[in-house]
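Asker: Shown below is the structure under consideration.
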Amino acid sequence: IYNAGEFAGETISDLSVGGRMTLCNMGAEMGAKIAYVAPDDKIFDWLQTRTNTGYKVVVSDADAEYEKTVDFDVGSLVPQVACPHTVDNVKPVNELRDIKIDQVLIGTCTNGRVEDLKEAAEILEGKSLGKGMRLLVFPASTEVYREALSEGIIETLSESGAVIMNPGCGPCLGAHEGALAPGEVCLSTANRNFKGRMGCKDAQVYLASPATAAATALRGVITDPRDL
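In structure tokens, the structure reads:
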């Protein structure tokens, strides 16, 4: 708890900049002081489009000694879902099939970048939401919103029945625009699902990827996107 966590390996190197942001964003949920991925050419290229000022590159020493090393074999990893009411209450999506969902939230700081909205739009294109389903989409920033709009992503999501909200947090912290009512169940791509986090304490929140969220919005129940 409250240590620095560094992610490394072939899978991490293959992640997009956005994917690495999501991973590090979740570092706080495991109690880390910081979460870190060593910068590479993907990061440097991304920075070239974001800043004209100099920056200092910080990397771990080649002979650094780590307090603990944990290895994961992700070769057979299937889509995962965090169940109420903690982010570490995780189960494979196929164990949660057919749980009825009232609202799906796609976006926020965790999974609201253009690549996330595009992934959802590709699943939803030409289709309609499940009966009675609410799908709220919160781009992470105005820049993301404008780019998604110019690429036709926003239009695709809207045509499926999604409601496109102002860029920002929305109901992730239970403040506004989609706060849950008593007994409601939400599947969200945000980063926290604590009791009362998104509204009423009697509501339940599941956390999943944009692909799982989009698939769930189509069927109205938790759905493995690979089943579509």
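So the sequence shown is numbered by the working numbering: it starts at 242 and just counts up by one.
Idealized CB from N, CA, C, for every residue including glycine.
Given the structure is predicted, the values throughout are model-derived calculations rather than measurements.
(1) Taking the alpha-carbon positions, what's the ASP255 to LYS283 distance?
(2) How do the stretch 419 to 436 and the stretch 309 to 328 stand: do at least 3 beta-carbon pairs fall below 8 Å, yes or no?
(3) Give every residue of the same chain whose Cβ lies closer than 6 Å to the Cβ of ARG460, excluding the five residues on either side of it in the sequence, and list them in chain order.
(4) Using CA atoms only, rank isn't needed, just tell me which of LEU414, PHE285, ALA361 is closest to TYR296.
(5) Can you tell me which of GLU336, ASP302, ALA361, MET374 puts its alpha carbon nearest to the alpha carbon of ILE347?
(6) With DSSP run on the structure shown, which of helix, strand or coil describes PHE471?
(7) What distance in whole Å lies between the Cβ atoms of VAL334 and ALA389, which are believed to be in contact at a cut-off of 8 Å?
(8) Nearest CA to the CA of ALA403: which residue from THR430, PHE379, PRO466?
(9) Give the DSSP-derived three-state secondary structure of GLY393 in the structure shown.
(10) Anyone know if the C-beta pair for PRO466 and ALA458 falls short of 7 Å?
Answerer: Put simply:
(1) Looking up residue 255 in the sequence shown gives position 14. Looking up residue 283 in the sequence shown gives position 42. Taking the straight line joining both Cα atoms gives about 10 Å.
(2) yes
(3) Here residue 460 refers to the residue found at position 219 when the sequence shown is read from its first residue. Taken in chain order, the residues that qualify are GLY371.
(4) Position 55 of the sequence shown, counted from the start, is the residue given in the question as residue 296. Checking every option, the nearest Cα to that of TYR296 belongs to PHE285.
(5) The count along the sequence shown starts at 1 and reaches residue 347 at position 106. Residue ALA361 is the option with its Cα nearest to ILE347.
(6) In the structure as shown, the chain starts at 242 and stops at 469, and residue 471 therefore has no counterpart that could be examined.
(7) Looking up residue 389 in the sequence shown gives position 148. Looking up residue 334 in the sequence shown gives position 93. The pair is not a contact, with the Cβ atoms about 25 Å apart (cut-off 8 Å).
(8) Position 162 of the sequence shown holds residue 403. Among THR430, PHE379, PRO466, the Cα nearest to that of ALA403 belongs to PHE379.
(9) Stepping through the sequence shown from its first residue, residue 393 is reached at position 152. Of the three classes helix, strand and coil, the one that applies to GLY393 here is coil, per DSSP.
(10) In the sequence shown, residue 466 corresponds to position 225, counting from 1. In the sequence shown, residue 458 corresponds to position 217, counting from 1. No.
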